[in-house]
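Numbering (this note's numbering), first residue to last: 5 to 298.
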Amino acid sequence: MSGEAYALVCAFFWALSSTMLKSQTHKGHITSLIALRTLPPMLAYWGVLAFTGEIRSLSQIPLSTWLFLSASSIIGMVIGDLMYLQSMKLIGLSRAMPLSTTYIFITILLAWALLHEPLTWGILGGALLIAFGAYLLAFPRAIASAVESQATRRANGKGVIWALAAAVCWASSSILLRVGVEGVPVLIANTIRLTVLVVALLPVSFWVGNTRQVGQYGPRALVILFLSGLIGMGIGTFAFVSAVKLAGAARSSVISAASPLFAVPLSLLLKEKPSPRTWVGTALTVLGVFLTIV
Numbered sequence: 005m006s007g008e009a010y011a012l013v014c015a016f017f018w019a020l021s022s023t024m025l026k027s028q029t030h031k032g033h034i035t036s037l038i039a040l041r042t043l044p045p046m047l048a049y050w051g052v053l054a055f056t057g058e059i060r061s062l063s064q065i066p067l068s069t070w071l072f073l074s075a076s077s078i079i080g081m082v083i084g085d086l087m088y089l090q091s092m093k094l095i096g097l098s099r100a101m102p103l104s105t106t107y108i109f110i111t112i113l114l115a116w117a118l119l120h121e122p123l124t125w126g127i128l129g130g131a132l133l134i135a136f137g138a139y140l141l142a143f144p145r146a147i148a149s150a151v152e153s154q155a156t157r158r159a160n161g162k163g164v165i166w167a168l169a170a171a172v173c174w175a176s177s178s179i180l181l182r183v184g185v186e187g188v189p190v191l192i193a194n195t196i197r198l199t200v201l202v203v204a205l206l207p208v209s210f211w212v213g214n215t216r217q218v219g220q221y222g223p224r225a226l227v228i229l230f231l232s233g234l235i236g237m238g239i240g241t242f243a244f245v246s247a248v249k250l251a252g253a254a255r256s257s258v259i260s261a262a263s264p265l266f267a268v269p270l271s272l273l274l275k276e277k278p279s280p281r282t283w284v285g286t287a288l289t290v291l292g293v294f295l296t297i298v
């Protein structure tokens, strides 16, 4: 499978995982959500390594690779995902996901400046479309309604800021991943990243005291969180790491940003009601994504 195909697979599974996770964001602290959904794929990866005998290869990984992969995990899947989930709680999936996909614009620039990946007119044009689409998504109404409370407008503003901050983290994570995955099997690279993620989340969970909230999740909620983790962090991140390794950070980020194509329709299952501007913003974002590929 090509890197581009892996990136498209990643886009679908990330959108599906986000849809499943959104239905549980009202339960407990968001760090507990990430911790619970990360544990199953991490254990699954270690099980595969043990079964295939590849676990011995971990001792042969250079320290620099461990550092790059670890930094990529913490910046992208801890800090970035926490910011994204906070945004999703404030402004909804149909706006948070397309808005946060502006991370590809940042990734393109960083990949060009630091990794010397090509920067074409198509990529620049696509980035502009994505930026305008993000504006429409951030402000679904041209003028705020007079009956909209100040608290609601403040929450919307915070949601937009969280989504954009997540975009910066994800872009930085993609660049670090591109360097760290060089010469390393994808299975091992993703095992390292997920293990670092769990280790990093444990002290955070204890610090905020949300480990006591685990008992508040019922069997159905736990099943949804575990499946979300296996789909998003198991299959989705495996596909993304494969894409970055084969197609580069910029191109992989662009194609995987097609998640809004799947996420907005899926958000209807959560009874969200995207506005006309949201649909236009999503369409422009997706058009920009594909323009950068040409």
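All residues carry an ideal CB built from backbone N, CA and C; glycine is no exception.
Check whether the Cβ of residue i lies closer than 8 Å to any Cβ atom in chain D.
{"i": "M87", "result": "As a matter of chain content, chain D is missing from the structure shown, which is built from one protein chain."}
Taking the continuous alpha helix (DSSP H) assigned at residue i, which residues delimit it?
{"i": "R281", "result": "P280 to L295"}
{"i": "T106", "result": "Unbroken run through T106: none, as it is neither H nor E."}
{"i": "T124", "result": "Per DSSP, T124 belongs to no alpha helix (DSSP H) and is neither H nor E."}
{"i": "S260", "result": "A253 to S260"}
{"i": "G233", "result": "P223 to G233"}
{"i": "P73", "result": "In the sequence under discussion, the amino acid at residue 73 is Leu, which differs from the Pro named in the question. Its alpha helix (DSSP H) spans residues L67 to S77."}
{"i": "S63", "result": "Premise fails: S63 is in no alpha helix (DSSP H) and is neither H nor E."}
{"i": "K277", "result": "Unbroken run through K277: none, as it is neither H nor E."}
{"i": "S91", "result": "D85 to I95"}
So residue i and residue j are in contact, right, with Cβ under 8 Å, and what is the actual spacing, rounded?
{"i": "T111", "j": "S257", "result": "4 Å"}
{"i": "V293", "j": "G130", "result": "6 Å"}
{"i": "M4", "j": "S232", "result": "Examination of residue 4 is not possible in this model, given that the chain is present from 5 through 298 alone."}
{"i": "F242", "j": "L20", "result": "With 8 Å as the limit, F242 and L20 do not qualify as a contact, their Cβ atoms being about 14 Å apart."}
{"i": "V203", "j": "K249", "result": "With a Cβ gap of about 24 Å, V203 and K249 do not count as contacting."}
{"i": "A11", "j": "S260", "result": "5 Å"}
{"i": "L133", "j": "L234", "result": "Not quite, the Cβ-Cβ distance comes to about 33 Å (not below 8 Å), so this is no contact."}
{"i": "I95", "j": "V164", "result": "7 Å"}
{"i": "A15", "j": "A100", "result": "Between A100 and A15 the Cβ distance is about 15 Å, and since that is not below 8 Å, they are no contact."}
{"i": "A38", "j": "L205", "result": "The question names Ala, yet the displayed sequence has Ile at residue 38. Yes, they are in contact, since the Cβ atoms of I38 and L205 sit about 6 Å apart, within 8 Å."}
{"i": "V290", "j": "A262", "result": "6 Å"}
{"i": "I192", "j": "I83", "result": "In fact, because the Cβ distance is near 23 Å, the residues do not count as touching under 8 Å."}
{"i": "L119", "j": "A247", "result": "With a Cβ gap of about 15 Å, L119 and A247 do not count as contacting."}
{"i": "T69", "j": "V190", "result": "Wrong, their Cβ atoms sit about 13 Å apart, outside the cutoff."}
{"i": "L229", "j": "L40", "result": "5 Å"}
{"i": "L2", "j": "A175", "result": "Since the first and last residues shown for the chain are 5 and 298, residue 2 lies out of range."}
{"i": "E8", "j": "A287", "result": "Between A287 and E8 the Cβ distance is about 21 Å, and since that is not below 8 Å, they are no contact."}
{"i": "W304", "j": "G238", "result": "Outside the modelled stretch of the chain, which goes from 5 to 298, sits residue 304, for which no answer is possible."}
For the structure I just gave you, are there three or more beta carbon pairs, one from the region 130-139 and one from the region 48-56, closer than 8 Å? Touching, no, given that fewer than three Cβ pairs across the two stretches are closer than 8 Å.
Per the contact definition of three or more C-beta pairs closer than 8 Å, is the region 174-193 in contact with the region 68-80? With the cut-off at 8 Å, the region 68-80 and the region 174-193 touch.
Is the region 103-110 touching the region 157-171 in the sense that three or more CB pairs, one from each, lie closer than 8 Å? For the pair of segments examined, the region 157-171 was found to touch the region 103-110: the number of CB pairs separated by less than 8 Å reaches three.
Assess contact between the region 193-200 and the region 58-78, defined as three or more Cβ pairs (one per stretch) separated by less than 8 Å. Is contact present? Judged by Cβ distances under 8 Å, the region 193-200 makes contact with the region 58-78, as three or more pairs qualify.
Taking only runs of the alpha helix (DSSP H) that begin and end inside the region 177-214, which ones reach a length of at least 4 residues, in chain order? Entirely contained in the region 177-214, the alpha helix (DSSP H) runs reaching 4 residues are, in chain order, 190-212.
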